[in-house]
Amino acid sequence: MTVVGGIPDGVTVDERDLRRTYAYRVAAQDELPERIRWLAANALAALDAEDPERARDAVRELALAVREQG
88 MTVVGGIPDG VTVDERDLRR TYAYRVAAQD ELPERIRWLA ANALAALDAE
138 DPERARDAVR ELALAVREQG
């Protein structure tokens with residue numbers, strides 16, 4: 088079993104890929120406001136780039152926008 092980052096309690100590479108595919112599908116749904124879709128895509132791109140600072144900022148911005156949607 089290959090795990091992400093070599094951490095035994097982490098997810099496998101296959102599981103990570105499945106989760107990422109699902110996340111992209113959810114983020115692209117037309118029912119979501121355009122701003123939320125754009126911010127979600129930006130957050131996923133930052134995660135894919137494995138840039139922790141950029142990912143943290145992008146996820147924070149997405150979370151705030153979702154909260155504002157109420």
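Counting the sequence shown from 1 gives a position; our numbering is that position plus 87.
We put the beta carbon where it would ideally sit given N, CA and C, even for glycine.
Computed from a predicted structure; not experimentally measured.
Each residue's CA atom was taken as its position, placing Glu148 and Leu126 some 7 angstroms apart. Excluding residues up to 5 positions away in sequence, nothing lies with its Cβ nearer than 8 angstroms to the Cβ of Asp104 in the same chain.
For Gln116, there is no enclosing alpha helix (DSSP H), since its DSSP letter is neither H nor E. With respect to the 8 angstroms criterion, Ala152 and Leu131 are not classified as neighbours on the basis of their beta carbons. Exclusion of the five residues before and after Ala142 leaves Ala133 and Leu134 as the residues of its chain whose Cβ lies within less than 6 angstroms of its Cβ.
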